[in-house]
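**Q**
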Ligand SMILES: *Cc1c(COP(=O)(O)O)cnc(C)c1O
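Residue numbers (our numbering): 15 to 511.
#1: Can you tell me where the alpha helix (DSSP H) with residue 198 in it begins and where it stops?
#2: Whole alpha helix (DSSP H) runs in the region 365–419 with 4 or more residues, listed along the chain?
#3: To which residues does DSSP link residue 336 through a beta bridge?
#4: Whole angstroms is fine: what's the gap from residue 100's alpha carbon to residue 450's?
#5: Does any CB atom of chain C fall closer than 9 Å to the CB of residue 427?
#6: Could you pull the DSSP bridge partners for residue 191 from this structure?
#7: DSSP three-state call for residue 142: helix, strand or coil?
#8: Determine the burial state of residue 452: buried for a count of at least 16 other Cβ atoms within 10 Å of its Cβ, exposed for fewer.
#9: When we look at the beta-carbon of residue 138 and count the other beta-carbons within 10 Å, is it buried (16 or more) or exposed?
#10: If you check the beta carbons only, do residue 122 and residue 355 fall under 9 Å apart?
#11: Please report the residue range of the alpha helix (DSSP H) in which residue 461 lies.
#12: Taking all protein chains shown into account, do 16 or more other C-beta atoms lie within 10 angstroms of the C-beta of residue 223, making it buried, or fewer, making it exposed?
#13: How long is the line joining the alpha carbons of residue 410 and residue 484, rounded to whole angstroms?
#14: Compute every distance between the C-beta of residue 133 and the non-hydrogen atoms of ligand 1, then say whether any falls below 8 Å.
#15: Got a sec: does ligand 1 put a non-hydrogen atom nearer than 8 Å to the Cβ of residue 446?
#16: Just reading off the beta strand (DSSP E) that residue 265 is part of, what are its end residues?
#17: Residue 317 by DSSP, collapsed to three states: which one?
#18: Since residue 290 is in the beta strand (DSSP E), which residue starts that stretch and which ends it?
#19: Do residue 283 and residue 240 have their C-beta atoms within less than 9 Å of each other?
#20: Can you give me the Cβ contacts of residue 76 inside the same chain, cut-off strictly under 6 Å, excluding the 5 residues immediately before and after it?
#21: When burial is assigned at 16 or more other CB atoms within 10 Å of the CB, is residue 149 buried or exposed?
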């Protein structure tokens, strides 16, 4: 490295200027042939709105642009590079056949303003996907509009509110277990409900007697994740549903963890009144980088009048169309009909697997999580010994004695070639390490992961500072993640010359 010139170090240099300042005067990535048609009357071209000053637009050649973006892409981690064990996020592989189907010309180029009679194929996709998801969840109807899980939660709670209002008994409270994902209380607050916390018991499940004591006619719904964020199935789900229903409340299920249930158990059969799905988790549509996602909400009959509009219906002549005449609807929650490309991919995934394939997927996801659990038991603390479904939650209790916390271990994983696991929740586990391999991973990849985790545990004993300072192999080390989310810099601007 010592003998390299400043220019030659561009691949390793941390100097942002060298990385991003590519511009030099009069370079261009285009070249137009001389004009060989008559020049048009200038006034037709709205000359007055022609931009003369392009500001500080970079002037670069084509290969410089290609190299720049290709280089940036190699600084990222992706499921296409290796295991992405981000618990609760279900970072499964997105089969390429999904992409091939989504790019079929008639599908990819369809426009939402196309008249219904020439959108029959697209409508059929909406209808078929709806039917598949209704069958998988055991519910009665569905809306595909919401753009993500959190948006599905909001749509669901708007329907809950409309339902209680229609019965002349507006309610004030939503119950949420202390193990819940942060979006649950945030959603309830956005929809103007008061949030009441529900304690988990020593098994990591809802404490049924606490629920019975807290349940009253002021509770609109319970928002429950099943299996919950500990990867634990709520075994008392029937009792929980009965307690809610006896006092007129509804059971909302956060379906983000459906990768543990598809083809094995149906929320509609265990008392759930409404739930969202995350197509970008369970149904393999691409995930990460902020979207697009898709968070359909499946419901029981009692909530059907409140579905967002329009709703896909079969016309008397057998064609498909949209019904806008829904007086009790909570309205539209998304432009047009939702993130259509995600529907295509999810449907391709469902149909490619079929019922048996989907069941196998679920079994493999659970098997893989248990393989990791067995591999790391003893090395890391397991706060709940209840059987694991699709993800396993360890804690940093043993390593914290050496002053190494879950975030340090997660960052060190990057040096071993893995994406970190989830550190942020469940809040009931201090120093949580939430690991979800999904069914995508082979036993070889999981063995490498287990080995990496064990190796880090050894480092914690022998050289904890290396772990505390990780990652060492990335371009930038620890970033201010809060600032990155709250004050994102989405556009690089050239230095003013
Ligand atoms: C991912 C997730 C959500 C939120 O879903 P988004 O699609 O990210 O909005 C809600 N609850 C749980 C348990 C989740 O894992």
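Quick reminder that beta carbons are idealized off the backbone N, C-alpha and C, glycines included.
**A** This is what the structure holds:
#1: The residue labelled residue 198 in the question sits at position 184 within the chain shown. DSSP places residue 198 inside the alpha helix (DSSP H), whose first and last residues are 197–204.
#2: 411–414
#3: The count along the chain shown starts at 1 and reaches residue 336 at position 322. Beta-bridge pairing links residue 336 to 326.
#4: Residue mapping note: residue 100 aligns to position 86 of the chain shown, counting from 1. Residue mapping note: residue 450 aligns to position 436 of the chain shown, counting from 1. In a straight line, the C-alpha of residue 100 is about 6 Å away from that of residue 450.
#5: Looking at the structure shown, chain C is missing, and only one protein chain is on hand.
#6: Taking the first residue of the chain shown as position 1, residue 191 is located at position 177. Residue 191 pairs with 212.
#7: Start at 1 with the first residue of the chain shown, and residue 142 comes out as number 128. Looking at residue 142 - three-state DSSP - the assignment turns out to be helix.
#8: As a working mapping, residue 452 is identified with position 438 in the chain shown. So residue 452 counts as buried.
#9: Taking the chain shown and counting its residues from 1, one reaches residue 138 at position 124. Exposed, since its Cβ has fewer than 16 Cβ neighbours within 10 Å.
#10: Against the chain shown, residue 122 aligns to sequence position 108. Against the chain shown, residue 355 aligns to sequence position 341. In this structure, residue 355 lies closer than 9 Å to residue 122 by Cβ.
#11: What you label residue 461 is simply residue 447 of the chain shown in a count that begins at 1. Residues 457–476.
#12: Indexing the chain shown from 1 puts residue 223 at position 209. Looking at its Cβ environment, which holds fewer than 16 other Cβ atoms inside 10 Å, residue 223 is exposed.
#13: Taking the first residue of the chain shown as 1, we reach residue 410 at position 396. Taking the first residue of the chain shown as 1, we reach residue 484 at position 470. Going from the Cα of residue 410 to the Cα of residue 484 covers about 16 Å.
#14: Walking along the chain shown from the start, residue 133 turns up at place 119. Outside the cutoff, so no.
#15: Taking the chain shown and counting its residues from 1, the one referred to as residue 446 is at position 432. Incorrect: residue 446 has no Cβ contact closer than 8 Å to ligand 1.
#16: In the chain shown, counting from the first residue as 1, residue 265 sits at position 251. That run of the beta strand (DSSP E) goes 264–268.
#17: The residue you call residue 317 lines up with position 303 of the chain shown. Note: residue 317 maps to helix in three-state DSSP.
#18: Against the chain shown, residue 290 aligns to sequence position 276. Note, residue 290: beta strand (DSSP E), 288–290.
#19: Here residue 283 corresponds to residue number 269 of the chain shown, with the count starting at 1. Here residue 240 corresponds to residue number 226 of the chain shown, with the count starting at 1. Taking 9 Å as the Cβ cut-off, residue 283 and residue 240 do not qualify as a contacting pair.
#20: For the purposes of this step, residue 76 is taken as the residue at position 62 of the chain shown. Cβ within range, chain order: 43.
#21: Numbered from 1 along the chain shown, position 135 holds the residue referred to as residue 149. Exposed, since its Cβ has fewer than 16 Cβ neighbours within 10 Å.
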